[in-house]
Structures are given as structure tokens and as C-alpha cells.
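J.: Here it is, the structure, as C-alpha cells.
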Amino acid sequence: MHDSLKLSVLNHLPTEIRKCAKELCAGDVSLPMLHQVIDFLDADEANATKILPVLYSTLDEAHVPTAAAPEESDATRLAWTTLDAMRDHGLHRGRLANAIRVASGDFTPRVVAWLRFFEAHPEAIPAGGQASSKNRVYELLLGILHSLTLPSATGRRQPLNAVAGAIELVVRAWKYVLSDEFLAERKAQALIDPSYLLGVNHTPIPDVAAELIAGAGGTQEQLAELFVAQLRYTAPLLADSEVAPEVRSKLKVIATSPILFLAPSSSALSRSFNAILEPCLRVLAKLILPPSPYAVDAFRHKLLHTVINVGTAAPSRGIKQLLFALLGLALPMSLMQTSVLQAGREILEEVRGLAEAPAFKQCETYALWKPFEDAFVDRLELFERYNAGEFPAMKMCNHVKCNAVGPESAYKRCSGCRVQVYCSEACQKADWRGSSYLGSSGHKKGCAAFRQLHQHELSLGLSPADRDFLRVTLDHDHATHVRANGRSSNPACWTTHGWNGTAFNATVSNLPNVGLVDVVGSEAAALEVVNRAGAYIIEAATGNAEARMMVDLATLPGKKGIRYLLVPRWVKLGSNGEVEMEFH
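Below, the structure is given as C-alpha cells:
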């Protein structure tokens, strides 16, 4: 028994309520006495931990009626009143819910025992002016569920998984929320805790898996129907800007829960399973495109395992197309997120082991999987080296006539545009005033335009960590391209970096396949980029400069189509005009 449930806790109560609380715990129970304790709790929720022994005692499983047709009694009234208080505080206040969660291992068996009793015998529910109905039981559970669920706990460490019949009861409550009987305006909030619990059970222990199916009605097809119903309701919420962000973020687990634990490794998929996978994969293919908070959840919830298992089976044509979308674009592009690579580090070897199965190697999906796996391994190795400090950020002074190169920490950034960097105050002042190559106003004229460039970059949603790692991947991919194809002699060429369907690559062209305005955010910024890049070409051609600013673009597929980011590549030239050093 948890310490918070011991009778000695009652000694901290005020004198006027202490006697009543101790009598309740001793079995001398009456409904007015319980109401007195609950009123005390309602008056000041800071007392939550002090009255836990009372709530625990009134829910004693020994008091659950055993008669074939029980009626309302003192025991049922006391238990229902206690559960209702837990529901009220669980929905509208937090302290009691948090206190119960700490002792959830003790509370859960008692709460579940009483809720299952009331579900089986709704006639024993105290009327309270309402009709007897199983739905009243589910309403109670939905309010209490948050108190009994431990964050991230799996298997039997999750209290509800350790109590027979608990998950089955939760699934029936979940089914009620998805029904037409439940108020539409309450659905989103009510689905959060059941969805979280489903996500936690993405690889359920056998008896939990059986309860999931039993709670849905007894068949896998009925469970599939529930998942599809949830997906149809919740998927639009994830894209609805009017839905509260905290609700939308909590609902993200519904994007993965329908496929996490149902993916079979059998040689064929049932029609019902195809029916559940297709809409789930369709949502996932959109949700995990960067920048996305959902890709990490998908990796940790074994999406890659599911892809292999489903690909090994005989998926429908629609699912094959979605696997192509996932492996051909969404999953590779998610590898640009450092949080995804961190999650991938934990599962890579296990996933590669699954992919070595002869049955998978012989299926169509393997031809899509292998390029992604190779890219995954390559990016993860690069990420490990990056974390070890192998690729410190370098900068080149943006005064065209200087070109000094050094560690990022030694350079001062323009406070106006947040784009230009300088090795010294003298260089910054000289560049601000300008000269013949920039016109009479210099950076003073272009600062506002480059501020628009900075704002465009911020709008792409890259985290600082992802943006910094991007320069490393671009350096890596460009070096790979140069080794394979040589270096372009055109100083005005553009290099576009991205995923070509089978690998990360760099494409060099005289003209880009996208307008510069789309890359930098405005015409003014585009003109300033051209002005700057051209100045380096002119200075280098006249022998007055030893550097170039190359226009490199990073391709960032997203939910609203392809986006681009300008990531200049700085080239330091040697005395013979050959490239001495280059970096993004």
C-alpha cells in the first residue's frame, strides 16, 4: 500500500473533519459523513492527499455486491459518490487526480471492480434524477482515466494493464465516445486519454490484446471499425487551426495508434485489416513530412516495423501506393530531423534485422525499402559524428573584400537582418557603407531585404538543431556529388539538394527549377542575393577576392507542397584559383 493511503495520513486533517474521516475508514460509514469529507475537499483541493485513505476505504472491493440482481444500497451509493468525486476533480481540477495517480497501483483494482459492477448492473446506480444507463459508467471512467494512467508506462507497469477487464472497459468507453450518443462538442477532449492509453499499448501483452478486441465487440473487424471511426473524426482536427493547440498535440497519438499493434506478419492481410491500414497510412504519410512533431512518435511506435510486416504480406493496391509515398518521400525526408535520428538510433538494428527476412527481400516493397534503409544508416552515422563534435560550424566574413574564415563563435551577426556575419567591427562598418561592387548604400540598403530572407527561413519551422545539422548534410551530399561527377566550372550555377526517390543527392544546373523569390521569400531578398553572389564573381574575376558565394537550395517537402531554403555555400579559393575550402 502506498504511504498516502495509510491511516496515519488522517492525523494531518483539521480536528473537525479528522474524527469523521477516521470513522469512515473504520467502516462506520454513512453517506452524510462521506459528503462532509468531499465538501471539505471541494472547499480546498490542497487537502487532496489528506483524504485519500477515505476514498480508498469506501471503494473496498470487499463491499462490491455479489447478488445476481443487486439493488441500490448503502455500499453502492458510497462507491458511486466516491467515484463521482474522483471524476469531478479529474475533469475540472488537478490535485486530486495527481494524488491518485501516485497511488494508482492501489486505486486501479478497486475503481475497475466497481465500474465493472455498475456496468453489469446499471439498476444499482444511484438514480440522482438520471436514468440508469451504462453510459453513466463510461462518463465516470472518462473523468477518472487520466488519474489512473501513468505517462509512458507499458506492459504491466501501466496500472490499467495489470487489472483484468480494465482495458476492455476502456475500449467500451472509447466506443461510446465515438458513437452518436456522445455530444459532438465534447468528443475531442474525451478522446485524449483513451487514445493515449491505446498508444501506450502499441505492442500489447497477449491478454491486453484480447481485451482490446473483446471491448470492441469480439472481433478484429469490430476493432478496425472503431479505429477507422476515430480516424475519420480526429484526422481533420490535426489540420484545423481553430482547435486548441494543446488538444491537437495530445490527439497526435491517434495518427499512429490504429496501426501500431495490429500489423500482422502473416502472408496475407484480411480485407478488414486493409480497410484500417489504408486510411491510417494516408494520414501518416502527410503528418510525418517535416517539420513535424509526429515523425518521432511514428518511429518510436514502430511504424518501420509495421511497414516491413505489411510489405511482406499481400497489401491492397491502395496500401502499396501509400507504402511508396512513405518510403519514397515522407520517411526519407523525416531523416533531416535530429529528433527522428535520435529515435531511429534506438530501433535501427532491430529494424534492419526484420528487413533481412527472406520473405521481405522477395516482395515488391523491398525495392523501396532498401534505398531508405541505406539513407537511414548513412544519415545516422553522420549524426553520430556530428554529435561527437566532428563538424563545428564555420563562417566566412561577409565583407566581400575580406573573406576571413573561422569558427562561428568568433563572428558577429548583423543585429538587423540576422543573416550577415563579420569577423570584425571594421569589416561590418565597411560592408554597411558599401563600395563599387554593392552600390553606394552597401548592406545599409540590403539589410531590410535580408531580414525578409531570415523571416522566410523562420517560417519553414526548422528547429535550431535541425538547421545546424542541415549544413552538415549539405556538405556531405555536395562532397559526394563532386567525387562522383567533378566540379562545375560555372561560378553562377545553382545546386539543389534533396531526395530523388532513391538517395539524397545534389543537382547542379545553370537555371534552377524554381524562382529565387520562392526560395528567399521576397523579390527584394532575391535581388540582394543575386547582388551579393554577383559581387563575389566580379571580384574573383578581377583578382580582388579569394572567395565565392554559391547559391545552394535545400528542398523541404511539406504538407503544403515543396518548399526551399537558401543555404549559401562559401568557397575559399587558393592562389591558383582552385577550391581550397568550402562549407555551408
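Just so we're on the same page, the working numbering is the position in the sequence shown counted from 1, plus 1238.
Note that CB positions come from ideal geometry on N, CA and C, so glycine has one too.
1) G1223 to P1553, Cα distance in whole Å?
2) Check whether the Cβ atoms of T1346 and P1397 lie closer than 7 angstroms to each other.
3) Which same chain residues, not among the five before or five after A1313, have their C-beta less than 8 angstroms away from its C-beta?
4) What's the C-alpha gap between K1810 and H1384?
5) Can you tell me which of the three DSSP states L1794 falls into?
6) Hey, how far is the Cα of E1406 from the Cα of A1281?
7) Closest by CA to E1761, which one among V1267, A1264, L1691?
8) Give the secondary structure of F1629 by DSSP, where H, G and I count as helix, E and B as strand, and everything else as coil.
9) For R1656, collect the residues of the same chain with a Cβ closer than 6 angstroms to its Cβ; drop the 5 residues on either side in sequence, then sort them by chain order.
10) Does the distance from the C-beta atom of T1711 to that of D1790 stay below 7 angstroms?
11) What residue does the alpha helix (DSSP H) around M1571 start on, and which one ends it?
12) Helix or strand or just coil, what does DSSP make of A1785?
13) Starting from the Cα of P1360, find the closest Cα among A1323, V1758, R1315 and give me that residue.
14) By Cβ distance, which residues of its chain are closer than 7 angstroms to A1337, with the 5 residues on each side in sequence left out?
15) Label L1380 either buried or exposed according to how many other C-beta atoms from any shown protein chain fall within 10 Å of its C-beta, with 16 as the threshold for buried.
16) So, with DSSP's three-state summary, where would you put K1244?
17) From P1496 to V1275, what does the alpha carbon distance come to, in whole angstroms?
18) Please state if the CB of L1804 and the CB of L1794 are separated by a distance shorter than 7 angstroms.
19) Taking all protein chains shown into account, do 16 or more other C-beta atoms lie within 10 angstroms of the C-beta of E1663, making it buried, or fewer, making it exposed?
20) With 16 as the cutoff for other CB atoms within 10 Å, does N1547 come out buried or exposed?
21) Kindly list the residues whose CB is nearer than 7 angstroms to the CB of V1611, restricted to its own chain and excluding five residues on each side of it in sequence; keep chain order.
22) Cα-Cα, which of R1801, L1450, A1792, M1788 is closest to M1819?
23) Please classify A1428: is it buried, with 16 or more other beta-carbons within 10 angstroms of its beta-carbon, or exposed?
24) Going straight from the alpha carbon of E1309 to that of P1432, what length do you get?
25) If the criterion is Cβ atoms closer than 7 angstroms, does the pair M1239 and D1344 meet it?
26) Just how far apart, CA to CA, sit R1348 and E1299?
27) Measuring alpha carbon to alpha carbon, tell me which residue in P1270, L1269, N1249 is nearest V1260.
28) Which complete alpha helix (DSSP H) runs does the segment 1700-1788 hold, if anything under 4 residues is left out?
29) Measure the C-alpha to C-alpha separation of A1763 and C1661 and round it to an integer number of angstroms.
30) Relative to the C-alpha of V1615, which residue among G1759, E1766, P1570 is closest?
31) Quick one: using the 10 Å Cβ neighbour count with 16 as the cut-off for buried, is K1244 buried or exposed?
32) Closest to V1768 by CA distance: which of G1739, P1806, E1784 is it?
33) If I measure Cβ to Cβ from L1269 and keep anything under 8 angstroms in the same chain, skipping five residues before and after, which residues do I get?
34) Taking C-alpha atoms, which residue in R1395, D1266, G1812, A1305 lies nearest to S1295?
35) Check L1527 in the structure and name its three-state DSSP category.
T.: From the atom records:
1) Since the displayed the chain opens at 1239 and closes at 1822, residue 1223 lies outside it and no answer follows.
2) For the purposes of this step, residue 1346 is taken as residue 108 along the sequence shown, with counting starting at 1. For the purposes of this step, residue 1397 is taken as residue 159 along the sequence shown, with counting starting at 1. Taking the C-beta atoms as reference points, P1397 is found nearer than 7 angstroms to T1346.
3) Numbered from 1 along the sequence shown, position 75 holds the residue referred to as residue 1313. Excluding positions up to five away in sequence, the list reads H1301, V1302, P1303.
4) Locating residue 1810 in the sequence shown gives position 572, counting from the first residue. Locating residue 1384 in the sequence shown gives position 146, counting from the first residue. The alpha-carbon atoms of K1810 and H1384 are separated by roughly 59 angstroms.
5) Here residue 1794 corresponds to residue number 556 of the sequence shown, with the count starting at 1. In the structure shown, L1794 sits in a strand (DSSP, three-state: E or B).
6) As a first step, residue 1406 must be located in the sequence shown, where it is residue number 168. As a first step, residue 1281 must be located in the sequence shown, where it is residue number 43. In a straight line, the C-alpha of E1406 is about 35 angstroms away from that of A1281.
7) For this step, residue 1761 is matched to residue 523 along the sequence shown. Checked all of V1267, A1264, L1691; the closest Cα to E1761 is L1691.
8) Start at 1 with the first residue of the sequence shown, and residue 1629 comes out as number 391. Three-state result, F1629: coil.
9) Locating residue 1656 in the sequence shown gives position 418, where the first residue counts as 1. Hits under 6 angstroms: H1692.
10) Position 473 of the sequence shown, counted from the first residue, corresponds to residue 1711. Position 552 of the sequence shown, counted from the first residue, corresponds to residue 1790. Their beta carbons are not under 7 angstroms apart, which means T1711 does not touch D1790 by this criterion.
11) As a working mapping, residue 1571 is identified with position 333 in the sequence shown. Counting along the chain, the alpha helix (DSSP H) containing M1571 begins and ends at 1569-1572.
12) Along the sequence shown, read from residue 1 onward, the residue named residue 1785 stands at position 547. Per DSSP, reduced to three states, the secondary structure at A1785 is strand.
13) By 1-based counting over the sequence shown, the position of residue 1360 is 122. The residue with the shortest Cα to Cα distance from P1360 is R1315.
14) Within the sequence shown, residue 1337 is the residue found at index 99, counting from 1. In the same chain as A1337, and ignoring 5 residues on each side of it, the C-beta atoms closer than 7 angstroms to its own belong to S1242, A1286, T1287, L1290, in chain order.
15) Indexing the sequence shown from 1 puts residue 1380 at position 142. With 16 or more other Cβ atoms within 10 Å, it is buried.
16) As a working mapping, residue 1244 is identified with position 6 in the sequence shown. The answer is coil: DSSP assigns K1244 none of H, G, I, E or B.
17) Residue 1496 sits at position 258 when you count from the first residue of the sequence shown. Residue 1275 sits at position 37 when you count from the first residue of the sequence shown. Its pLDDT being 48, under 50, P1496 is placed unreliably in this model, and the coordinates cannot settle the point.
18) The residue labelled residue 1794 in the question sits at position 556 within the sequence shown. The residue labelled residue 1804 in the question sits at position 566 within the sequence shown. Not closer than 7 angstroms, so no.
19) Residue 1663 sits at position 425 when you count from the first residue of the sequence shown. Its Cβ having fewer than 16 others within 10 Å, E1663 is exposed.
20) Taking the sequence shown and counting its residues from 1, the one referred to as residue 1547 is at position 309. Buried, since its Cβ has 16 or more Cβ neighbours within 10 Å.
21) Taking the sequence shown and counting its residues from 1, the one referred to as residue 1611 is at position 373. Per the sequence shown, residue 1611 should be read as Glu rather than Val. Once the five neighbours on either side are set aside, the close Cβ partners of E1611 are R1590, A1593.
22) Position 581 of the sequence shown holds residue 1819. If we check each option's Cα against that of M1819, M1788 comes out closest.
23) For this step, residue 1428 is matched to residue 190 along the sequence shown. Taking a 10 Å sphere around the C-beta of A1428, we find 16 or more other C-beta atoms and assign the residue as buried.
24) What you label residue 1309 is simply residue 71 of the sequence shown in a count that begins at 1. What you label residue 1432 is simply residue 194 of the sequence shown in a count that begins at 1. E1309 and P1432: Cα-Cα distance of roughly 30 angstroms.
25) The count along the sequence shown starts at 1 and reaches residue 1239 at position 1. The count along the sequence shown starts at 1 and reaches residue 1344 at position 106. With contacts defined as CB atoms closer than 7 angstroms, M1239 and D1344 qualify as a contacting pair.
26) Counting from one through the sequence shown, the residue named residue 1348 turns up at place 110. Counting from one through the sequence shown, the residue named residue 1299 turns up at place 61. If I take the Cα positions, the gap works out to 6 angstroms.
27) The residue given as residue 1260 occupies position 22 in the sequence shown. For the sequence presented, residue 1260 should be read as Lys rather than Val. When the alpha-carbon of K1260 is set against those of P1270, L1269, N1249, the nearest one is in N1249.
28) Fully enclosed alpha helix (DSSP H) runs of no fewer than 4 residues occupy 1702-1723, 1754-1758, 1761-1779 of the segment 1700-1788, in order along the chain.
29) Position 525 of the sequence shown, counted from the start, is the residue given in the question as residue 1763. Position 423 of the sequence shown, counted from the start, is the residue given in the question as residue 1661. Cα-Cα distance, rounded: 23 angstroms.
30) Residue numbering aside, residue 1615 sits at position 377 when the sequence shown is read from its first letter. With distances taken between Cα atoms, V1615 lies closest to P1570.
31) Residue mapping note: residue 1244 aligns to position 6 of the sequence shown, counting from 1. In summary, K1244 is exposed, with fewer than 16 beta-carbon neighbours lying within 10 Å of its beta-carbon over all protein chains present.
32) In the sequence shown, the residue the question calls residue 1768 occupies position 530. Among G1739, P1806, E1784, the Cα nearest to that of V1768 belongs to P1806.
33) The sequence position of residue 1269 within the sequence shown is 31, counting from 1. Listed in chain order, the non-local C-beta contacts of L1269 below 8 angstroms within the same chain comprise D1312, R1315, L1316, T1319, local neighbours out to five positions each way being set aside.
34) Within the sequence shown, numbered from 1, the residue matching residue 1295 stands at position 57. The shortest CA-to-CA distance from S1295 to any of R1395, D1266, G1812, A1305 is the one to D1266.
35) Position 289 of the sequence shown holds residue 1527. In the structure shown, L1527 adopts coil according to DSSP, grouped into three states.
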